[in-house]
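Residue numbers (the UniProt record's numbering): 1 to 374. Virtual Cβ for every residue (Gly too), placed ideally from N, Cα, C. Remarks on the structure that follows.
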């Protein structure tokens, strides 16, 4: 009986050991990894540089007064179409008391000088008529007399300008602010009653209005320093406006800034491009815009997804895994061409029939210099 009991215990022990081993083997076993495959396809690949910016008129003209004063009236509104010479505003002159006194004194001095010159001229004229004074001497006195008359006229004109803003006989009063070019009024930064000053060596002067030709618009944007060396004047650009998402506009690169500006730790370069605008389209100044600059374009080339690429750990050369049998793959080194960030051109190393291993998201890619068949 004891023998039987002993054998039973041995059998139970063996069974328990076998059961434990089976559980361990089952726990540690992995299902066979399978991979999807894909083939290269014909694609049109465009390598682009993107720039953000805005649309502005090619030329904006600031209209400034020729004299200081107070805005008496504004005769136009923002958005109005103007021709060169159209009246924009009028200015009421508020004379500077010191300048007024000085100008009045200059007039008085000129009147005195002219009176003296008149006396001298009249006296010498009589002597000249009698033949007592030589012709050359009389001409010199006559010249002084004429100069005195001109000085008085100039002094009176200056006094008039300081007092009311224009000389009495001038064709155009300085108090009338007129458009100097044809165009659209973009901005009127002043209002009636505002004080304005003319431009001088110490001050830029007050802008009365900004005028621009809205048929000549340019894109002005920023490009990162990593991309700027790829650009060349004359490159074609596609412009998309934030306010007109359904339309694209053609443009050509016309300017690349020679100097960059640091913005939030990155160096940016300003670029400009002339936009081709149809007559039926009106674009407002200041629209936000994105520019797509075509660096290179290849049509109907053999291409694969960039996500399928691997890179050699030592040489950093690109390659893919190509299926050669049931769950068997071999390494194929590739020569790549143009890329758009999603697809990349295959110059050599693959054919259209090769089945490329597509790496599972949960499976790490191989990065070693040598690849084992799997």
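Annotation for residue 85: 178, 179 place their beta carbon closer than 7 Å to its own, counting only its chain and skipping 5 residues before and after. Approximately 12 Å separates the beta-carbon atoms of residue 69 and residue 190; this is outside 8 Å, ruling out the contact.
Residue 255 sits exposed, since fewer than 16 C-beta atoms from the chains shown fall within 10 Å of its C-beta. Taking a contact as a CB-CB distance under 8 Å, the pair residue 113 and residue 151 counts as one, their CB atoms being some 7 Å apart. Looking only at 248, 267, 250, the smallest Cα-Cα distance to residue 257 is reached by 267. Counting C-beta pairs with one atom in each stretch, the region 295-306 and the region 51-63 have fewer than three that are closer than 8 Å, which means they do not touch. Its Cα nearest to that of residue 198, the residue 176 stands out among 115, 176, 244. If the five residues before and after residue 192 are omitted, its C-beta is found closer than 8 Å to the C-beta atoms of 71, 72, 73, 74, all from its own chain and listed in chain order.
The Cβ atoms of residue 335 and residue 348 lie closer than 8 Å to each other. By the Cβ-count criterion, residue 39 is exposed, with fewer than 16 other Cβ atoms from all chains shown falling within 10 Å of its own Cβ.
Beta-bridge annotation (DSSP): residue 108 is not paired with any residue. Counting along the chain, the unbroken beta strand (DSSP E) around residue 51 starts and ends at 41-57. The distance from the Cβ of residue 82 to that of residue 211 is about 6 Å, consistent with a contact at the 8 Å cut-off.
Per DSSP, residue 226 is one residue of the alpha helix (DSSP H) stretching across 225-228.
Taking the CA atoms as reference points, residue 133 sits about 7 Å from residue 124. Linking residue 17 to residue 303 through their CA atoms gives a straight-line distance of about 56 Å. Pairwise C-beta distances place the region 271-279 in contact with the region 230-246, as three or more of them are shorter than 8 Å. For residue 52, same chain residues with a beta-carbon under 7 Å away, outside a window of 5 residues either side, are 221, 222, 290 in chain order. Residue 233 is positioned such that its CB atom lies closer than 8 Å to that of residue 253. The C-beta distance from residue 287 to residue 231 rounds to 22 Å, too long to meet the 8 Å contact threshold. In terms of Cα proximity to residue 265, the closest of 246, 174, 225, 245 is 225.
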